[in-house]
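In the numbering used here, the protein residues as written are 49 to 260.
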C-alpha cells in the first residue's frame, strides 16, 4: 500500500480565511477520491504576543484597522464567502481576541487521539459562529470532551503548560521558513497553496504534487 499524501495546513484558529481554507482543502481532497490524504494542522499564531487571557476584540481590531469601513467590507466579504462553504460568521458575537497557543496545543493532542478534524472544526465554530473564548481552558475542555477526549486530562495538560514551547517553536519555524500569511498549505512536501483558494485550484495543486 502506498503512503498517504501528507497535507500540512499551516493556520491559526482566529484567522477567518483559515476557516475557509480548511473547509476548501477538505473539499479539494474529496474531489480526488483516489488519493489518500492525511491532513496535519501546523500551528501559526497571527499574534503570539497577546496575553494568555486575551484582549478586548473590538479595541484590538480598531487598532489594526484604522478605517472601520474597511473592516466592515472585509467582514461582509467573509460572511458572503463563508455562506458558500457552509460557514456562519458572526463577528459581532466575538468579545475577545485570544492567544491561540492553548488551542493549538489541543489540536496537537487531538491529532494523536485521532479527532483532529472534529476539534479544529469545533474551535473555528466556537469562535467565529458562537463567539466563545477559545483561549479559556474550560471552553477548550468542552470542545475536547465533545470530540471524545478526556476532559480532566486536557485540563491538567493545559494547566501544566504541556507542549506550550513546542507550539511556539513550530510557529517560529513556520516564520523562519517564509510563511508570512495563512492559510499556507503544503501538499506532499512539494507544492504549496497560499490563501483560501477554491477547491478546484487546490485539487490542481494535489495533482501537481503527485506529478512532481
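We put the CB at the ideal spot given by N, CA and C, even for glycine.
In whole angstroms, what separates the C-alpha of residue 64 from that of residue 51?
As a working note, residue 64 is residue 16 in the chain shown. As a working note, residue 51 is residue 3 in the chain shown. Their Cα atoms are separated by approximately 31 Å.
Taking residue 180 as part of the alpha helix (DSSP H), name the residues at either end of that continuous run.
Here residue 180 refers to the residue found at position 132 when the chain shown is read from its first residue. Here residue 180 belongs to no alpha helix (DSSP H), and DSSP marks it neither H nor E.
Considering only DSSP beta bridges, list what residue 56 is partnered with.
Against the chain shown, residue 56 aligns to sequence position 8. The partner list for residue 56 (beta bridge, DSSP) reads 88 and 234.
Which residue from 128, 207 and 120 puts its Cα closest to that of residue 68?
What you label residue 68 is simply residue 20 of the chain shown in a count that begins at 1. The shortest Cα separation from residue 68 among 128, 207 and 120 belongs to 128.
Beta-carbon proximity list for residue 152, same chain, < 7 Å, skipping 5 on both sides
Here residue 152 refers to the residue found at position 104 when the chain shown is read from its first residue. Same-chain partners within the cutoff: 91 and 215.
Spatial distance of residue 22 from residue 195 (CA atoms):
The requested residue 22 does not occur in the structure, where the chain is confined to residues 49 to 260.
Rounded C-alpha distance that separates residue 103 from residue 139
By one-based count along the chain shown, residue 103 stands at place 55. By one-based count along the chain shown, residue 139 stands at place 91. When rounded, the distance between both Cα atoms is 15 Å.
Considering only their Cβ atoms, is the gap separating residue 168 from residue 182 smaller than 7 Å?
Residue mapping note: residue 182 aligns to position 134 of the chain shown, counting from 1. Residue mapping note: residue 168 aligns to position 120 of the chain shown, counting from 1. For residue 182 and residue 168, no; Cβs fall outside 7 Å.
What distance in whole Å lies between the Cβ atoms of residue 88 and residue 54, which are believed to be in contact at a cut-off of 8 Å?
As a working mapping, residue 54 is identified with position 6 in the chain shown. As a working mapping, residue 88 is identified with position 40 in the chain shown. Confirmed, about 6 Å.
Among the residues of its own chain, which have a CB less than 7 Å from the CB of residue 100, if the five just before and after it don't count?
As a position in the chain shown, residue 100 is number 52, starting the count at 1. Cβ neighbours of residue 100 beyond the five flanking positions: 147 and 183.
If we count the other Cβ atoms within 10 Å of its Cβ and call it buried at 16 or more, is residue 145 buried or exposed?
Locating residue 145 in the chain shown gives position 97, where the first residue counts as 1. Classification for residue 145: buried.
Smallest Cα separation from residue 174: which of 225, 161, 190 and 233?
Taking the first residue of the chain shown as position 1, residue 174 is located at position 126. Comparing Cα positions, the closest option is 190.
Rounded C-alpha distance that separates residue 203 from residue 211:
Working through the chain shown from its first residue, we reach residue 203 at position 155. Working through the chain shown from its first residue, we reach residue 211 at position 163. Their Cα atoms are separated by approximately 13 Å.
How many Å lie between residue 185 and residue 136 at the Cα?
Here residue 185 refers to the residue found at position 137 of the chain shown. Here residue 136 refers to the residue found at position 88 of the chain shown. One C-alpha to the other measures close to 24 Å.
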